[in-house]
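Notes follow the structure.
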Amino acid sequence: PHPVWHDCDPGSDDAITLLTLLGRPDTQVLGVGTTHGNAPLSATTHNARALLTLAGRDDVPVYAGALTPLVREPVYAPQIHGVGGLGNVPLPPPGRPAQTEHAALALIRQLCAQPGEITVLATGPLTNLALAERLRPGVLKEARQVIVMGGSLEVGAPRLGNTTPRAEFNAYADPHAFQVVLSAGAKLALLGLNLTRQVRVTRERAAQLAAVGTAAGRTCAALLDDYLDRIGKLGQSVGALHDPCTAALLLAPQLFELEPASIGTLLDSGEHFGETVRRDAEPNLELVIRADEDGIYDLIAAALARLP
Ligand code: BDR
Ligand code: CA
Numbered sequence: 060p061h062p063v064w065h066d067c068d069p070g071s072d073d074a075i076t077l078l079t080l081l082g083r084p085d086t087q088v089l090g091v092g093t094t095h096g097n098a099p100l101s102a103t104t105h106n107a108r109a110l111l112t113l114a115g116r117d118d119v120p121v122y123a124g125a126l127t128p129l130v131r132e133p134v135y136a137p138q139i140h141g142v143g144g145l146g147n148v149p150l151p152p153p154g155r156p157a158q159t160e161h162a163a164l165a166l167i168r169q170l171c172a173q174p175g176e177i178t179v180l181a182t183g184p185l186t187n188l189a190l191a192e193r194l195r196p197g198v199l200k201e202a203r204q205v206i207v208m209g210g211s212l213e214v215g216a217p218r219l220g221n222t223t224p225r226a227e228f229n230a231y232a233d234p235h236a237f238q239v240v241l242s243a244g245a246k247l248a249l250l251g252l253n254l255t256r257q258v259r260v261t262r263e264r265a266a267q268l269a270a271v272g273t274a275a276g277r278t279c280a281a282l283l284d285d286y287l288d289r290i291g292k293l294g295q296s297v298g299a300l301h302d303p304c305t306a307a308l309l310l311a312p313q314l315f316e317l318e319p320a321s322i323g324t325l326l327d328s329g330e331h332f333g334e335t336v337r338r339d340a341e342p343n344l345e346l347v348i349r350a351d352e353d354g355i356y357d358l359i360a361a362a363l364a365r366l367p
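Sequential numbering of the sequence shown, starting at 60, is according to the UniProt record's numbering.
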């Protein structure tokens, strides 16, 4: 099976990502690193542990990582994910404690043990990946691929960001870390809001996942319904399935279209803080530009069907 590292801030869509990976017999989740992000680190770490218990996979180790961003003050997203990160969706009590090793150190250890083999999925702020890169310069180049959900490149679209008018949440929550990872020279694929907004969240999609008939399927459906309830209060009726697109890109690249691009993060404070922009330079990543919505949901449903 293909070795994968998942760095995340669960987070309802992070949760669906992790469960999708766990439902795939061709994928080996080596470990889960957690970060501040949608909720404080203590909550995202608890949630990762509980999700593994739900999946019957307490054998997968969880490593708590960054408590705070590199430079800026922490920002959380309770209006989208609830104060605890997974809305009001009940999960079993976690069956196993987190490891004592820091997520950044565990990531370095894994990448050095299997150079060129591991795919790193990053679905939260990039603080842990940036810490790893700063502690061991060049370490992210040891990944087979680094797949990041973050940023937004819909230039000219009515809505660019989802956190400020211009910035996407993961980029905004630690833009300095985002820039460290973008400039690390790693084999990088970036899925921004321009891509994830093509993969819509609706009540019908929640029902599709519930119909899978497993506890994992019902939990993911409840997470989507909770998310739709919350964005409904903000005046939106259709959401975007952000983080699971990273898992789908790894598992079914034929569902996506990519183009080389040079992307950077704006770090000056002011209205552009955390905005991702195209630059006129050598490409530093593959920007994911199109996705097959039905194919992604079918892949997720099939994976959730294999879990308890
Ligand atoms: C990203 O922000 C978080 O709220 C989601 O989990 C996703 O990773 C989308 O902007
Ligand atoms: Ca996330």
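Don't be surprised by glycine CBs; every beta carbon is placed ideally from N, CA and C.
Alpha carbon to alpha carbon, how far is residue j from residue i? Give it in angstroms, no decimals.
i	j	result
Tyr356	Gln313	14 Å
His161	Gly329	32 Å
Ala275	Val297	22 Å
Val336	Gly272	42 Å
Ser321	Gly154	43 Å
Gly333	Arg218	15 Å
Glu318	Pro303	20 Å
Arg193	Gly294	41 Å
Ile167	Leu188	9 Å
Asn343	Gln238	11 Å
residue 370	Ala157	Coverage of the chain is limited to positions 60 through 367, which leaves residue 370 absent and any answer about it impossible.
Pro60	Asp327	43 Å
Pro367	Ser211	35 Å
Gly354	Gln267	13 Å
Asp233	Leu250	17 Å
Pro133	Phe228	11 Å
Val148	Thr278	7 Å
Thr86	Pro62	6 Å
Ser71	Gly141	9 Å
Thr159	Ala165	10 Å
residue 368	Arg83	Outside the displayed range of the chain (60 to 367) lies residue 368, so it cannot be described from this structure.
Leu325	Val207	17 Å
Asp117	Ala74	15 Å
Cys171	Pro196	12 Å
Asp339	His331	18 Å
Glu352	His301	12 Å
Ala107	Thr79	13 Å
Is the Cβ-Cβ distance between residue i and residue j less than 7 Å?
i	j	result
Pro151	Thr112	yes
Val130	His235	yes
Ala306	Thr93	no
Gly96	Pro184	yes
Gln169	Trp64	yes
Glu191	Gly209	Per the sequence shown, the amino acid found at residue 191 is Ala instead of Glu. No; because the gap between Cβ atoms is not below 7 Å, this pair is not in contact.
Leu358	Ala311	yes
Val88	Val121	no
Ala265	Phe315	no
Pro69	Thr103	yes
So the beta strand (DSSP E) residue i belongs to, where does it begin and stop?
i	result
Arg337	Thr335 to Arg337
Asp66	His61 to Cys67
Leu250	Leu247 to Leu250
Gly92	Thr86 to Thr93
Gly354	From DSSP, Gly354 is part of no beta strand (DSSP E) but of the alpha helix (DSSP H) over Glu352 to Ala364.
Gly323	Ile322 to Thr324
residue 368	Residue 368 cannot be examined here, being either before or after the span of the chain that is shown, 60 to 367.
Gln204	Gln204 to Met208
Ala123	Val121 to Ala123
Assuming residue i is part of the alpha helix (DSSP H), what are its boundary residues?
i	result
Leu241	Pro234 to Leu241
Gln138	Pro137 to His140
Ala275	Ala274 to Lys292
Arg116	Counting along the chain, Arg116 falls outside any alpha helix (DSSP H), and DSSP gives it neither H nor E.
Thr305	Pro303 to Leu310
Ser71	Ser71 to Leu81
Can you round the beta-carbon distance between residue i and residue j to whole angstroms, since I take them to be within the 8 Å contact cut?
i	j	result
Ala299	Val258	6 Å
Leu309	Thr186	Going by Cβ atoms, the distance from Leu309 to Thr186 rounds to 22 Å, so no, they are not a contact pair.
Leu81	Ala114	4 Å
Gly323	Leu241	6 Å
Ala98	Gly143	6 Å
Cys67	Thr182	5 Å
Leu252	Asn221	6 Å
Is the segment 199-215 close to the segment 244-256, with three or more CB pairs under 8 Å? When C-beta atoms of the segment 199-215 are compared with those of the segment 244-256, three or more pairs fall below 8 Å, so the two segments count as touching.
Inter-stretch contact at 8 Å, needing at least 3 Cβ pairs: the segment 284-304 / the segment 110-125: At 8 Å Cβ cutoff, the stretches do not touch.
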